[in-house]
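Chemist: Residue 28 is where the sequence shown starts when you use our numbering, and the numbers rise one by one after that.
Glycine included, every Cβ here is placed at the ideal spot set by N, Cα and C.
All values reported here derive from a predicted model rather than from experimental measurement.
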Amino acid sequence: MERRDPVQGRPWDLAVVPRNANLDETVGRRYSVSLRRALLAGGLGLTTLLVVGGLLTALLPFEFSALVGLPVGVLAGLFAVVLALGAPLHSATPAARAVAAAATVGYVVLGLAALSYANVAGFRGTLSVTEWLVVAVLAGLAVYAGLWLRDRRPDSPT
């Protein structure tokens with residue numbers, strides 16, 4: 028049985044959509060952001076916010092230094108997100124490994140802060156903020172080393 032378009036009454040043809048077809052009916056390169064790139068950019072922005080905001084808050088010599096440090100940290104974090112989203116990062120390069128390691132640091136600090144805030148399994152008070160940073164930096168170094176080892180293999184998928 029032949030199916031017909033109910034509006035125009037013509038037979039339906041099979042639609043052949045090119046692999047690189049865009050939603051606006053053009054064919055060509057897509058200018059979209061993958062989930063991986065968005066997560067890396069978000070983690071990098073979080074790490075930048077923590078580093079810049081924390082350093083400025085700690086180093087400024089007046090009482091309410093957080094009023095300057097945190098907004099500047101947020102701006103620096105947003106700038107890092109925009110750069111990470113727009114930069115041509117290719118896997119198996121030192122820059123891509125560094126971005127992944129920096130994003131890991133931000134997410135580990137955020138995760139440890141969430142565990143401490145929710146007091147999961149009595150976690151609050153077991154680690155100081157300095158120890159959080161040490162754990163986060165070690166996790167970032169582990170991610171960098173793991174990606175470096177993966178990229179050195181001759182049969183690496185990247």
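Output yes or no for whether 9 Å exceeds the beta carbon distance between R124 and D182.
Modeler: Cβ distance not < 9 Å, so R124 and D182 don't count as in contact.
Chemist: Between L86 and the rest of its own chain, which residues show a CB-CB distance below 6 Å, the 5 nearest in sequence each way excluded?
Modeler: none
Chemist: For the alpha helix (DSSP H) containing F106, name the first residue and the last one.
Modeler: Following the DSSP letters along the chain, one finds F106 inside the alpha helix (DSSP H) bounded by residues 93–113.
Chemist: R31 bridges to which residues according to DSSP?
Modeler: Partner(s): P38.
Chemist: How is the alpha helix (DSSP H) around P88 delimited, first residue to last?
Modeler: Looking at the DSSP string, P88 is not in any alpha helix (DSSP H), and its letter there is neither H nor E.
Chemist: Here's a check: name, in chain order, each residue in its chain whose Cβ is nearer than 6 Å to the Cβ of S143, leaving out the five neighbours to either side.
Modeler: F150, R151
Chemist: State buried or exposed for T131, treating a residue as buried only when at least 16 other CB atoms are found within 10 Å of its CB.
Modeler: Around the CB of T131, 16 or more other CB atoms lie within 10 Å, so the residue is classed as buried.
Chemist: Can you tell me whether T120 is helix, strand or coil according to DSSP?
Modeler: Coil at T120, not helix or strand.
Chemist: Output the boundary residues of the alpha helix (DSSP H) element that contains G152.
Modeler: Segment: none, G152 is in no alpha helix (DSSP H) and carries neither H nor E.
Chemist: If you draw a straight line from the C-alpha of V108 to the C-alpha of S61, how long is it?
Modeler: 14 Å
Chemist: Once the 5 residues before and after W175 are set aside, which same chain residues still bring their CB inside 7 Å of it?
Modeler: R124
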